[in-house]
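Engineer: Residue numbers (our numbering), protein chains in the order written: chain A, 2 to 457; chain B, 2 to 457. Note that beta-carbon positions come from the ideal geometry of N, C-alpha and C, so glycine has one too.
Number of protein chains: 2
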Amino acid sequence: MKNILVIGAGLSASSMLRYFTQHAEKENWSIKVVDRDDKLAKAKVANCDRAEGFAINALDPNERRPLIEWADLVISMLPAQFHVEVAKDCVTYKTNLITPSYISKEMLALDQAAKDAGILIMNEIGVDPGIDHMSAKKVLDEIEERGGVMHIFESFTGGLIAPESDDNPWNYKFTWNPRNVVLAGQGSAAKFIQEGQYKYIPYNKLFRRTEIIPIDGYGDFEGYANRDSLKYRAKYGLDDIPTIYRGTFRRKGFSKAWDTFVQLGATDDSYILEGSKDMTKRDFINSFLPYNPNDSVELKLRHYLKIDMDDIIWDKLVWLGIFEKKTMGFEEDVTPAYFLQKILEEKWTLKPDDKDMIVMWHKFVYKMNDHFEEINSHMVVIGEDQTYTAMSNTVGLPCAICAKMILNGTIGLKGVHIPIHKEVYEPILNDLENYGIKFIEKAVHPPIMYLDPSMA
Amino acid sequence: MKNILVIGAGLSASSMLRYFTQHAEKENWSIKVVDRDDKLAKAKVANCDRAEGFAINALDPNERRPLIEWADLVISMLPAQFHVEVAKDCVTYKTNLITPSYISKEMLALDQAAKDAGILIMNEIGVDPGIDHMSAKKVLDEIEERGGVMHIFESFTGGLIAPESDDNPWNYKFTWNPRNVVLAGQGSAAKFIQEGQYKYIPYNKLFRRTEIIPIDGYGDFEGYANRDSLKYRAKYGLDDIPTIYRGTFRRKGFSKAWDTFVQLGATDDSYILEGSKDMTKRDFINSFLPYNPNDSVELKLRHYLKIDMDDIIWDKLVWLGIFEKKTMGFEEDVTPAYFLQKILEEKWTLKPDDKDMIVMWHKFVYKMNDHFEEINSHMVVIGEDQTYTAMSNTVGLPCAICAKMILNGTIGLKGVHIPIHKEVYEPILNDLENYGIKFIEKAVHPPIMYLDPSMA
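1. Considering only DSSP beta bridges, list what proline 215 of chain B is partnered with.
2. Should alanine 401 of chain B be labelled buried (16 or more other beta-carbon atoms within 10 Å of its own) or exposed?
3. What number of angstroms, rounded off, separates the C-alpha of lysine 423 of chain B from the C-alpha of lysine 301 of chain B?
4. Count Cβ pairs between the segment 425–438 of chain B and the segment 138–153 of chain B that sit closer than 8 Å; are there 3 or more?
5. According to DSSP, is threonine 249 of chain A helix, strand or coil?
6. Verify the CB distance criterion: does glycine 188 of chain A have a CB-CB separation below 9 Å to chain B?
7. According to DSSP, is glycine 397 of chain B part of a helix, a strand, or is it coil?
8. Taking the alpha helix (DSSP H) that valine 335 of chain B belongs to, which residues open and close that run?
9. Would you report the Cα separation of alanine 226 of chain A and tyrosine 246 of chain A, rounded to the nearest angstrom?
10. Please decide whether asparagine 287 of chain B counts as near chain A, where near means a Cβ-Cβ distance under 9 Å.
11. Alpha carbon to alpha carbon, how far is methionine 78 of chain B from alanine 457 of chain B? Give it in angstroms, no decimals.
12. Reducing DSSP to helix, strand and coil, say where phenylalanine 440 of chain B ends up.
13. Could you work out which residues of chain B lie near asparagine 12 of chain A, taking near to mean beta carbons separated by less than 9 Å?
14. Beta-carbon of asparagine 97 of chain B versus every beta-carbon of chain A: anything under 9 Å?
15. If the cut-off is 7 Å on Cβ atoms, which residues from the segment 110–144 of chain A count as contacting chain B, listed in chain order?
16. Contact between the segment 264–273 of chain A and the segment 235–251 of chain A is defined here as three or more beta-carbon pairs at a separation below 8 Å; is this criterion met?
17. I'd like the span of the beta strand (DSSP E) that includes isoleucine 99 of chain A, first residue to last.
18. Using 10 angstroms around the beta-carbon of glutamate 347 of chain A, count the other beta-carbons present and answer buried if the total reaches 16, otherwise exposed.
19. Output yes if chain B places a C-beta closer than 9 Å to the C-beta of leucine 265 of chain A; else output no.
20. In three-state terms, what does DSSP make of glutamate 53 of chain A?
21. Hey, out of A/Trp30, A/Ala59, A/Asp73, A/Leu60, whose CA is closest to glutamate 53 of chain A's CA?
22. Can you check the segment 67–145 of chain B for any alpha helix (DSSP H) of at least 4 residues that lies completely inside it and give the ranges in chain order?
23. Taking 9 Å as the CB-CB limit, is glutamate 196 of chain B close to chain A?
24. What is the C-beta distance between histidine 152 of chain B and threonine 244 of chain B, in whole angstroms, given that I count them as a contact (C-beta under 8 Å)?
25. Counting along the chain, where does the beta strand (DSSP E) carrying methionine 369 of chain A start and finish?
26. If you draw a straight line from the alpha carbon of methionine 361 of chain A to that of isoleucine 194 of chain B, how long is it in whole angstroms?
27. So, helix, strand or coil for valine 34 of chain A, using DSSP?
28. Which two residues bound the contiguous beta strand (DSSP E) that contains asparagine 4 of chain A?
29. Under the three-state reduction of DSSP, which class applies to valine 150 of chain A: helix, strand or coil?
30. Quick check on this structure: which residue in A/Gly220, A/Gly322, A/His304, A/Leu318 has the alpha carbon closest to the alpha carbon of aspartate 260 of chain A?
31. Is it buried or exposed for lysine 174 of chain B, if we count other Cβ within 10 angstroms and need 16 for buried?
32. Indicate the three-state DSSP secondary structure (helix, strand or coil) for methionine 380 of chain B in the structure shown.
33. Can you list, in chain order, the residues of its chain whose CB lies under 8 Å from that of isoleucine 438 of chain A, leaving out five sequence neighbours each side?
34. Using three-state DSSP, classify histidine 24 of chain A as helix, strand or coil.
35. Mapping the DSSP letters down to three states, classify alanine 47 of chain A as helix, strand or coil.
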């Protein structure tokens, strides 16, 4: 009998817990699920005799540690900053650990301690990061084995609305944390390298330097650059690659319209908008426009951002209701980003039967002998419903399958890792196909030597 | 005999120390000037028997306190964050204090302690802040006395190059801290209020929403908005004013060209530009432009930022040498803002005989009975040379004159203050006129009811 402890029973744990409860009998698992919310923890494993859910405060070492000692494997679905404390306990009690989050410096520092304890701490094993690493590394390793030398690696992922639920002019709904969508791309400039030249895109140009990618059967997507593509050179062993570019997918046309809010300053979360408590949506937009008592807010916006009368972004903006003379009912003044988020939440919210979609796409160009070759690889996953979403499946199932492999002793790796080893990614990618999470690879002739992030 | 302690003998202390040494005999002053740099401190008072300069570490309480105890008045020219520690010592030893810096919360918290100690701590008594407060409050108080009700207050200040030294296409040279010029406007959005409506300008629009102001005899200037105009409502007792707008002057045409660097992301100081140690100026500009092996950096820049072939900003950019294939000689990678600053310092540096210029302009529109009236007020100060610059004179002389008044007992005020009281600003403004720092006020008929920050 193996003991599994899952810390955190929120949205992203649903698919993982379904996997665990479905496999518990056959694999001889005993499962405990803990959360701050007792009801939630119980509900997620209600139909399984081998699992129990209950409330603890996982941030209290005294509540957490006896459970970590009991477990053979812990899966931490806590917010990323709390993983390290859990990891230290796992080292103490020689318990394996899985997290879907980016590896932190503090986590990496536990590598030797984890090896000494004989445990594996596997990080970045959700969808992005996670499936991106595994699916990319699979092709990269194959290319290397065949003697190819990588020249271009591009990779895009998007959390979007499924085509059957795609019924608004933005081709977008909130399928994940709305706040992250509003703040996306802020902070320092996006950096990448192209043909050996470092390239930097500031926030005010980020949504205008997009690249259009068609995906077979799903139409056109557009990608904007992620913050730091450069760190993936070290992660993937591509230190000398001339071009590496990672980005985020939206449906074609989204970014140009979204840039309206960026240019206005409406996505800023760094200050409180004085008087915003009593502002209508129209007042909110007007607060970013020059004063002119003779022109309407609509006319000022068109003039200010040079939006032509027949520009299709106009319909998107009007559809959002940004010109309505309606207050938001805030109890206090808020930041521009929060105000915008609440406007968007009135329109971009999922209907009960809506399904989400995760799309991932990789481009590999490599030199083989004296010529270049190209492989593209893509995955499209549609959610089952609003519990077993594409997001929940693609985050939770890699964690769950990895857990099974660790408990079975299939993975011999010890220490602090991300899933870039063949012994890890190969069986996980294979098992994911049983759940409809599948990559389609194709050769591209002739290779497209550079996809220039285009300009408006 | 009265004792004056000046902490800090840098550039901005020159004019103040000249005033002190010139008046020391007549006013019966004994003056000590301390600085980290012994030579500098000595040099600034070399020609005066009543003054001595020497080195101390002013951040060490044991070195500082005996001098503060000795003094009747301290003038702190330290970086702003160190004033509070000096102020606490001044409370302890019942020594008056003057600083040219913005009042901090911590400083304001000393108000009652300063009153109990029977001392005056006068802040914001340089040029901006300082002369701006005094010259504005003078007109505001006059309008109030005449029964006028303020409707619009606008105020702009610029530190620029004097017309006789203005010989480059930017009509700009560094006359003060270059780093502050490169970073100007960054942080949160500029906020102000216009006809009762809150207005916010994000950084990426700041240099495109400028206002053109002609100054009699000096041609056209343009102003961009300062970070926070709203706080001046409370400072000046204008809580209900419909329009308040403060900004910074440049010569007309500067901002549109400067916006090139803003749009590129070249003013960003938040990250290190990988590889910048070995980049040429041309590489630096290219790092913000899309990759395209067929187009020149010049063509890509024109295309990216939609700069017409005959746009006058082009000559400005070329003149700066930004397309030169020349490295900067950095010893390590730097931020974009630092790289840009070093490019600019090669071109915007003062020649030995160049003089600087401070320009300040206020606009007051007020309701008198049932009609509106307008007054404009402006000051232009040209530097004498590169020691007694316009900046040094306008920062140092208000401090020095205020010091004289405190020591003479002319100012009865106690506690922590800024110079908005008539008993303070009136004699200081009068004395400043003896040094060529003079405001010219004129009535404007009919009043211009709103100057809309224009759009490109």
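Structural biologist: In this structure, then:
1. For the purposes of this step, residue 215 of chain B is taken as the residue at position 214 of the second sequence. Proline 215 of chain B is bridged to B/Asp221.
2. For this step, residue 401 of chain B is matched to residue 400 along the second sequence. That one is buried.
3. As a working note, residue 423 of chain B is residue 422 in the second sequence. As a working note, residue 301 of chain B is residue 300 in the second sequence. Approximately 57 Å between the Cα atoms of the pair.
4. yes
5. The sequence position of residue 249 of chain A within the first sequence is 248, counting from 1. Strand.
6. Against the first sequence, residue 188 of chain A aligns to sequence position 187. Judged by the 9 Å Cβ criterion, glycine 188 of chain A is in contact with chain B.
7. Mapped onto the second sequence, residue 397 of chain B falls at position 396. Glycine 397 of chain B falls in the helix class under three-state DSSP.
8. Residue 335 of chain B sits at position 334 when you count from the first residue of the second sequence. Careful: valine 335 of chain B lies outside any alpha helix (DSSP H) and carries neither H nor E.
9. Taking the first residue of the first sequence as 1, we reach residue 226 of chain A at position 225. Taking the first residue of the first sequence as 1, we reach residue 246 of chain A at position 245. So the alpha carbons of these two residues sit roughly 7 Å apart.
10. Position 286 of the second sequence, counting from 1, holds the residue named residue 287 of chain B. Output row for asparagine 287 of chain B: interface = yes.
11. Residue mapping note: residue 457 of chain B aligns to position 456 of the second sequence, counting from 1. Residue mapping note: residue 78 of chain B aligns to position 77 of the second sequence, counting from 1. Note that alanine 457 of chain B has pLDDT 36, beneath the 50 cutoff, so the model's placement of it is unreliable and no number is given.
12. Counted from its first residue, the second sequence places residue 440 of chain B at position 439. Coil.
13. Position 11 of the first sequence, counted from the start, is the residue given in the question as residue 12 of chain A. Contrary to the premise, residue 12 of chain A reads as leucine rather than asparagine in this sequence. Ordered by position in chain B, no residue passes the 9 Å Cβ test against leucine 12 of chain A, which lies about 32 Å from the chain.
14. Within the second sequence, residue 97 of chain B is the residue found at index 96, counting from 1. Chain A contact via Cβ: absent.
15. Residues passing the 7 Å Cβ filter: none.
16. no
17. To locate residue 99 of chain A, count along the first sequence from 1; it is residue 98. 97–99 is the extent of the beta strand (DSSP E) around isoleucine 99 of chain A.
18. Here the question's residue 347 of chain A lines up with position 346 in the first sequence. Looking at its Cβ environment, which holds fewer than 16 other Cβ atoms inside 10 Å, glutamate 347 of chain A is exposed.
19. Position 264 of the first sequence, counted from the start, is the residue given in the question as residue 265 of chain A. Cβ-Cβ to chain B under 9 Å: yes for leucine 265 of chain A.
20. Locating residue 53 of chain A in the first sequence gives position 52, where the first residue counts as 1. Residue state, collapsed to three classes: strand.
21. Here the question's residue 53 of chain A lines up with position 52 in the first sequence. Nearest C-alpha to glutamate 53 of chain A: A/Trp30.
22. Counting whole runs of 4 or more residues, the segment 67–145 of chain B contains the alpha helix (DSSP H) stretches 84–94, 106–109, 112–118.
23. Locating residue 196 of chain B in the second sequence gives position 195, counting from the first residue. Taking Cβ atoms only, chain A reaches closer than 9 Å to glutamate 196 of chain B, which makes this a yes.
24. Reading the second sequence from its first residue, position 151 is the one you call residue 152 of chain B. Reading the second sequence from its first residue, position 243 is the one you call residue 244 of chain B. Right, the Cβ-Cβ distance comes to about 7 Å (below 8 Å), so this counts as a contact.
25. For the purposes of this step, residue 369 of chain A is taken as residue 368 along the first sequence, with counting starting at 1. That run of the beta strand (DSSP E) goes 357–369.
26. As a working note, residue 361 of chain A is residue 360 in the first sequence. As a working note, residue 194 of chain B is residue 193 in the second sequence. When rounded, the distance between both Cα atoms is 46 Å.
27. Position 33 of the first sequence holds residue 34 of chain A. Of the three classes helix, strand and coil, the one that applies to valine 34 of chain A here is strand, per DSSP.
28. In the first sequence, residue 4 of chain A corresponds to position 3, counting from 1. Counting along the chain, the beta strand (DSSP E) containing asparagine 4 of chain A begins and ends at 3–8.
29. Translated into the one-based positions of the first sequence, residue 150 of chain A becomes position 149. Looking at valine 150 of chain A - three-state DSSP - the assignment turns out to be strand.
30. Within the first sequence, residue 260 of chain A is the residue found at index 259, counting from 1. Answer by Cα proximity: A/Leu318.
31. Position 173 of the second sequence holds residue 174 of chain B. By the 10 Å Cβ count, lysine 174 of chain B comes out buried.
32. Here residue 380 of chain B corresponds to residue number 379 of the second sequence, with the count starting at 1. Strand, per DSSP.
33. Position 437 of the first sequence holds residue 438 of chain A. Shown here for isoleucine 438 of chain A: same chain residues with a beta carbon closer than 8 Å to its own, the five before and five after excluded, namely Ile132, Met380, Val382, Asn394, Thr395, Leu398 in chain order.
34. Your numbering for residue 24 of chain A matches position 23 in the first sequence. Three-state result, histidine 24 of chain A: helix.
35. Counting from 1 along the first sequence, the entry for residue 47 of chain A is found at position 46. Of the three classes helix, strand and coil, the one that applies to alanine 47 of chain A here is coil, per DSSP.
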